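Just below is one structure, and these are the notes that go with it.
There are 2 protein chains.
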Amino acid sequence: MDADEFRRAGREMIDYVADYLENIRDRQVTPSVQQGYLRKLVPEKAPQTGEAWEDVFADVERVIMPGVTHWHSPRFHSYFPSATSYPAILGDILSDAISGLGFSWTSNPASTELETVVMDWLAHMLGLPEHFLFSFKGPGGGVIEGSASEASLMTILGAKAKAIRETKAKHPDWTDGQITDKLIAYYSEQAHSSAQRATTLAHVTGRGLPTDEEQSLRGSSLAQAIEEDRAAGLIPFYVLATSGTTPHCAFDNLTELGAICQAEELWLHVDAAYAGSAFICPEFRHWMAGVECVDSFNFNPHKWLLVNFDCSALWLKDMSLISQALDYNCPIIRPNPDSGEAMPDFRHYQVALGRRCRSMKVWFVLRMYGVEGLQKYIRTQVGLAKEFEKLVQLDDRFEMMVPVRLGLACFRLKASGEANMRLMKRINDSKRLFLTHAMLNGQAIFRFTAGASRTNSADIHHSWKIIQEEATDFLKGESDQKK
Amino acid sequence: MDADEFRRAGREMIDYVADYLENIRDRQVTPSVQQGYLRKLVPEKAPQTGEAWEDVFADVERVIMPGVTHWHSPRFHSYFPSATSYPAILGDILSDAISGLGFSWTSNPASTELETVVMDWLAHMLGLPEHFLFSFKGPGGGVIEGSASEASLMTILGAKAKAIRETKAKHPDWTDGQITDKLIAYYSEQAHSSAQRATTLAHVTGRGLPTDEEQSLRGSSLAQAIEEDRAAGLIPFYVLATSGTTPHCAFDNLTELGAICQAEELWLHVDAAYAGSAFICPEFRHWMAGVECVDSFNFNPHKWLLVNFDCSALWLKDMSLISQALDYNCPIIRPNPDSGEAMPDFRHYQVALGRRCRSMKVWFVLRMYGVEGLQKYIRTQVGLAKEFEKLVQLDDRFEMMVPVRLGLACFRLKASGEANMRLMKRINDSKRLFLTHAMLNGQAIFRFTAGASRTNSADIHHSWKIIQEEATDFLKGESDQKK
């Protein structure tokens, strides 16, 4: 493909993307294909000689689209949203063209420097403490990770290295393995599985702690666990608090947890993967009260801030605690020049050596939407979830199970969890909507996100109507069976 | 930005990308900026209201480009190459638009299924053993990781879990920590720092082993280490062999290492990050003789196979050994349907839960170049490195230090390593070329990659002429100093 062909094909692709996203309501939200469908549509091996663009492009509709779950359909209410936006796509195109890996300042100065700038911009937007800013000139700063899981892994490994160092100072005869056997990390029972995953990868014990009636991890729960575990000879070292849990969008109490972690010298990490984007609106920041006490804070602009995957923003109060644990020195990498402002070598803060210039898409999004544009986007989506909540409350057959906090509604048919699961299967099998469930007090409930970027009020009403229709048929079927 | 604006801006960006890549020879390969340059060019905070596309777009040349190291300039001879190609960029645009995360089959069937297909296509192209293919219907298969570092981490964690299980069967009273203290992994002293990094992240001991006169790790070296370490009470469990080392593009002896690992029950992983792409040409496959004995094999299409970062292809003889170690169950994820062909849930084979559809760009590249087009690309670049080798051999002041194997030339000025470093600094400071060094027998030598995608014979001559000119001036300066 030469440059002229690329110019033509690129225009076709840009138009295809615009058509796809603007008309996404017309597509069935989840595919009807069976497992293994795609292999039947393509050759067993790569072609020996190159094919024409037209043939490849035509196969997008023939091969790919029949098997796509359309995350940006307004009928998609599953998981948490995945972001896409026109400015982010443009930023990614440029990043792909430059394709210069920014593992050190020298390897691509613009990539490293832009990342420090957009991380400071984001920190300002969220109202994070200034010790997380590069411009503060302390040991703190931010880095773009691939995912919240990677952020949790980085911070737990940093905390583990610190805990081992400190324990060895007291017990020089203990080995790393003996100390690791005693290390214990905490998170709420409602935390995302990436919390438990981080402990698995770091090979330390993880303990899920009970939450209060608002699904929030409180200080008392943590304090009790620390006391029990210390008495059992364990070494508590790390707490992962969640701001906006996956099942119910609940918020752990950072003020209480922070005070305990400071007193007990535990690392406190905040996973705000989904909800962090909402903190650009001051009215939601009460949920991050206490953030000044945390050691690290992470959220995913690729979930709700219109930046395409992958882009997970992680701030550290002391960046050196990660780089010390993970120092990544590759002999062929030229050292940073001494001149000017010292810049981080971002390879020391992630699993990989190489890295894309992910800050480009962030920069494009922040500039083209502006802070107010993004605030408006978040508020609109929260409004849609609240609108949905009202619709649920108007139908006696249903009940809200958790008050809508941001863009997630947790509700159920007034029936057993098992009945709710059957109704959900019915709805999902209809391919008219796509929903997932959560567990609450041992019972399955509906979990409805309002987060696809083009969703509007009419879409919310449309989705609710489908749920009502399916519920009517479902209840009729249940009642017929009983007869 | 609405759809019409995106259509216009997208065309501008596509044209910009084509212009950038086609005229990249005109840009200074490394930037002249000082650290901290970028922050001075942008506001301290994100704009309150959205800006016009024209202003954002204009800042690409004003803010970004002055600080870019142009990896695709034919004057770029550092590190190993980073791939970019027009078909890959088009694939990424589509993937960004769909933006559906393929962590399970249900979450995006097309993403999961296309990945199984392109991994099989790549395995066929490289001539890998059939037990790595999904179509073989065994426990093997492939997965796209973000980097070779992540592939090493996944495999060492899989091997560690297996070793702990097996050791516990013999010593039920030993704790995980006590066993981990005894685990030891091996790699060659010439291995990439990601090998040592993987041991750091997995918290096991790593040992670099000496290589032969061709920088190759041989069986005798491994056998001796295993014997020594077992005698010292350690538990050898994992070997990372390199196909195409970073400093010299050397190849570890897989036949010898494979036989030992099978006899001694060690996991053998092959990191062919750079050189793996060359195995699509049968004439280079003698370097992977013995691959039928390895447990896992990884290479980076994002280095040399024209697929944009990130795309690191990892094959496993038994995928369950990774998923068992890392099982990633998120309650809100709907289980795979039972019907049809069983598909992997790719979240079990990586650090993150979320994942982009990276197979799209692979599919576009393989189809639009075809196997022969990609073979031609590899052979051209190997030819350029060999052409460079001949030029070096014609100048008595220089000598080749390692025969050119693929696209890397290791040479030096006939002088001390220290003098070579000073000459290299002079060349890099001129901003006319960008080179890095390697160490050989304790001395610094030049490391010259021919790998930017547009490099041609005239470019190689041009670069060599610059090196000669700078050497002449350098030697004159040295000689003047002595007077």
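Going down the list, the protein sequences come from chains X and L.
According to the working numbering, the stretch in the first sequence is residues 1 to 483, in order.
According to the working numbering, the stretch in the second sequence is residues 484 to 966, in order.
Even for Gly, the Cβ is constructed at its ideal location relative to N, Cα and C.
As the structure is a computational prediction, the values presented were derived from the model and not from experiment.
Checklist entry - What residues of chain L sit near H70 of chain X, judged by a beta carbon separation below 8 Å? => result For the purposes of this step, residue 70 of chain X is taken as the residue at position 70 of the first sequence. Residues of chain L passing the Cβ test: I581, G583.
Checklist entry - When burial is assigned at 16 or more other CB atoms within 10 Å of the CB, is L408 of chain X buried or exposed? => result Here residue 408 of chain X corresponds to residue number 408 of the first sequence, with the count starting at 1. By the neighbour-count rule (16 or more Cβ atoms within 10 Å), L408 of chain X is buried.
Checklist entry - Do Q324 of chain X and E145 of chain X have their C-beta atoms closer together than 7 Å? => result The residue given as residue 324 of chain X occupies position 324 in the first sequence. The residue given as residue 145 of chain X occupies position 145 in the first sequence. Contact: no.
Item to check | Under the three-state DSSP convention, the category C357 of chain X falls into | outcome: Position 357 of the first sequence, counted from the first residue, corresponds to residue 357 of chain X. It is coil, neither helix nor strand.
Checklist entry - Does the separation of the CB atoms of L692 of chain L and Y669 of chain L fall below 7 Å? => result Within the second sequence, the letter at position 209 stands for residue 692 of chain L. Within the second sequence, the letter at position 186 stands for residue 669 of chain L. Result yes, Cβ atoms of L692 of chain L and Y669 of chain L sit closer than 7 Å.
Checklist entry - Taking DSSP as the reference, what is the three-state secondary structure of S699 of chain L? => result Stepping through the second sequence from its first residue, residue 699 of chain L is reached at position 216. It is coil, neither helix nor strand.
Next on the checklist: Assuming S54 of chain X and L521 of chain L are in contact, meaning their beta carbons sit under 8 Å apart, how far apart are those beta carbons, in whole angstroms?
Outcome noted: Taking the first sequence and counting its residues from 1, the one referred to as residue 54 of chain X is at position 54. Taking the second sequence and counting its residues from 1, the one referred to as residue 521 of chain L is at position 38. Looking at the sequence itself, residue 54 of chain X is Glu, so the reference to Ser does not match. Rounded, the Cβ-Cβ distance is 41 Å, inconsistent with contact.
Next on the checklist: Using a 10 Å radius around the Cβ and a threshold of 16 neighbouring Cβ atoms, would you call E82 of chain X buried or exposed?
Outcome noted: Along the first sequence, one-based indexing puts residue 82 of chain X at 82. Residue identity differs from the one stated: residue 82 of chain X is Ser in this sequence, not Glu. Flag for S82 of chain X reads buried.
Checklist entry - What does F782 of chain L pair with, by DSSP beta-bridge criteria? => result Within the second sequence, numbered from 1, the residue matching residue 782 of chain L stands at position 299. In the DSSP output, where bridge partners are listed per residue, F782 of chain L has L:A796.
Checklist entry - Does any residue of chain L bring its CB to less than 7 Å from the CB of L408 of chain X? => result Position 408 of the first sequence, counted from the first residue, corresponds to residue 408 of chain X. Output row for L408 of chain X: interface = no.
Next on the checklist: Per the DSSP calculation, E187 of chain X is bridged to which residue(s)?
Outcome noted: Along the first sequence, one-based indexing puts residue 187 of chain X at 187. With the sequence shown as reference, residue 187 of chain X is identified as Tyr, and Glu is not the correct amino acid for it. Partner(s): X:G208, X:L240.
Checklist entry - Which residues in chain L sit within 7 Å of N108 of chain X, going by Cβ to Cβ distance? => result Walking along the first sequence from the start, residue 108 of chain X turns up at place 108. Those are V551, T552, listed as they occur along chain L.
Item to check | Cross-strand partners of L268 of chain X (DSSP beta bridge) | outcome: Position 268 of the first sequence, counting from 1, holds the residue named residue 268 of chain X. Beta-bridge pairing links L268 of chain X to X:V239.
Checklist entry - Are there three or more Cβ pairs, one per stretch, closer than 8 Å when the segment 587-601 of chain L is compared with the segment 86-106 of chain X? => result no
Next on the checklist: So with CB distances below 9 Å, who are the chain X contacts of A492 of chain L?
Outcome noted: Position 9 of the second sequence, counting from 1, holds the residue named residue 492 of chain L. Correct list: I14, Y86, P87, L90.
Checklist entry - Is any beta-carbon of chain L found at less than 7 Å from that of P129 of chain X? => result Locating residue 129 of chain X in the first sequence gives position 129, where the first residue counts as 1. Judged by the 7 Å Cβ criterion, P129 of chain X is not in contact with chain L.
Checklist entry - Taking Cβ to Cβ, would you say F929 of chain L is nearer than 7 Å to R895 of chain L? => result On the second sequence, position 446 is the one that residue 929 of chain L refers to. On the second sequence, position 412 is the one that residue 895 of chain L refers to. Their beta carbons are under 7 Å apart, which means F929 of chain L touches R895 of chain L by this criterion.
Item to check | Whole-number beta carbon distance between S149 of chain X and S194 of chain X, since they are thought to touch under 8 Å | outcome: Sequence index remark: in the first sequence, residue 194 of chain X carries index 194 (1-based). Sequence index remark: in the first sequence, residue 149 of chain X carries index 149 (1-based). Between S149 of chain X and S194 of chain X the Cβ distance is about 4 Å, and since that is below 8 Å, they are a contact.
Item to check | Strand pairing of I627 of chain L, partner residues [DSSP] | outcome: Within the second sequence, the letter at position 144 stands for residue 627 of chain L. Its beta-bridge partners are L:A796.
Item to check | Under 7 Å between C-beta atoms of L240 of chain X and H269 of chain X | outcome: Position 240 of the first sequence, counting from 1, holds the residue named residue 240 of chain X. Position 269 of the first sequence, counting from 1, holds the residue named residue 269 of chain X. Result yes, Cβ atoms of L240 of chain X and H269 of chain X sit closer than 7 Å.
Item to check | Selection of the segment 218-239 of chain X by Cβ proximity to chain L, strictly under 9 Å | outcome: none
Checklist entry - The beta strand (DSSP E) spanning E399 of chain X covers which residue range? => result For the purposes of this step, residue 399 of chain X is identified with residue 399 of the first sequence, where counting begins at 1. From DSSP, the beta strand (DSSP E) with E399 of chain X extends over 398-402.
Item to check | CB contact check: D181 of chain X to chain L, cutoff 7 Å | outcome: If you number the first sequence from 1, residue 181 of chain X lands on position 181. Yes, its Cβ sits closer than 7 Å to a Cβ of chain L.
Next on the checklist: Our contact map puts E22 of chain X next to A486 of chain L with C-beta atoms below 8 Å; I'd like the distance itself, whole angstroms only.
Outcome noted: Counted from its first residue, the first sequence places residue 22 of chain X at position 22. Counted from its first residue, the second sequence places residue 486 of chain L at position 3. Right, the Cβ-Cβ distance comes to about 5 Å (below 8 Å), so this counts as a contact.
Next on the checklist: I need the boundaries of the alpha helix (DSSP H) containing T472 of chain X, first residue and last residue.
Outcome noted: Taking the first sequence and counting its residues from 1, one reaches residue 472 of chain X at position 472. 457-482 is the span of the alpha helix (DSSP H), which, as asked, contains T472 of chain X.
Checklist entry - With a cut-off of 8 Å, do at least 3 Cβ pairs link the segment 459-466 of chain X to the segment 426-440 of chain X? => result yes
Item to check | Touch test, the segment 768-776 of chain L against the segment 705-719 of chain L, Cβ-Cβ under 8 Å, three pairs minimum | outcome: no
Checklist entry - Mind checking T84 of chain X: buried by the 16 CB within 10 Å criterion, or exposed? => result Along the first sequence, one-based indexing puts residue 84 of chain X at 84. Counting Cβ neighbours within 10 Å, T84 of chain X comes out buried, since at least 16 surround it.
Item to check | Cα-Cα separation between Q661 of chain L and W174 of chain X, rounded to whole angstroms | outcome: Walking along the second sequence from the start, residue 661 of chain L turns up at place 178. Walking along the first sequence from the start, residue 174 of chain X turns up at place 174. Cα to Cα, the separation comes out at about 11 Å.
Checklist entry - If we count the other Cβ atoms within 10 Å of its Cβ and call it buried at 16 or more, is G741 of chain L buried or exposed? => result Indexing the second sequence from 1 puts residue 741 of chain L at position 258. By the 10 Å Cβ count, G741 of chain L comes out buried.
Next on the checklist: Taking the alpha-carbon of G501 of chain L as reference, which of L:S703, L:I950, L:R937 has the nearest alpha-carbon?
Outcome noted: Stepping through the second sequence from its first residue, residue 501 of chain L is reached at position 18. The sequence given here has Ala at residue 501 of chain L, not Gly. Checking every option, the nearest Cα to that of A501 of chain L belongs to L:R937.
Next on the checklist: For G158 of chain X, which residues in the same chain have their Cβ closer than 6 Å to its Cβ, ignoring the five residues on either side in sequence?
Outcome noted: As a position in the first sequence, residue 158 of chain X is number 158, starting the count at 1. L321, I322, A325, listed in sequence order.
Item to check | Residues that S430 of chain X contacts on chain L, provided the C-beta gap is smaller than 9 Å | outcome: The residue labelled residue 430 of chain X in the question sits at position 430 within the first sequence. None at all; the shortest Cβ gap to chain L is about 15 Å.
Next on the checklist: Can you give me the C-alpha to C-alpha distance between G50 of chain X and V143 of chain X, rounded to a whole angstrom?
Outcome noted: For this step, residue 50 of chain X is matched to residue 50 along the first sequence. For this step, residue 143 of chain X is matched to residue 143 along the first sequence. Going by the C-alpha atoms only, they are around 40 Å apart.
Next on the checklist: Suppose only complete runs of 3+ residues qualify. What are the beta strand (DSSP E) ranges in the segment 364-444 of chain X, listed by chain order?
Outcome noted: 398-402, 408-413, 436-440
Checklist entry - If D575 of chain L and D96 of chain X are in contact, beta carbons under 8 Å, what's the gap, nearest whole angstrom? => result In the second sequence, the residue the question calls residue 575 of chain L occupies position 92. In the first sequence, the residue the question calls residue 96 of chain X occupies position 96. Indeed, because the Cβ distance is near 5 Å, the residues count as touching under 8 Å.
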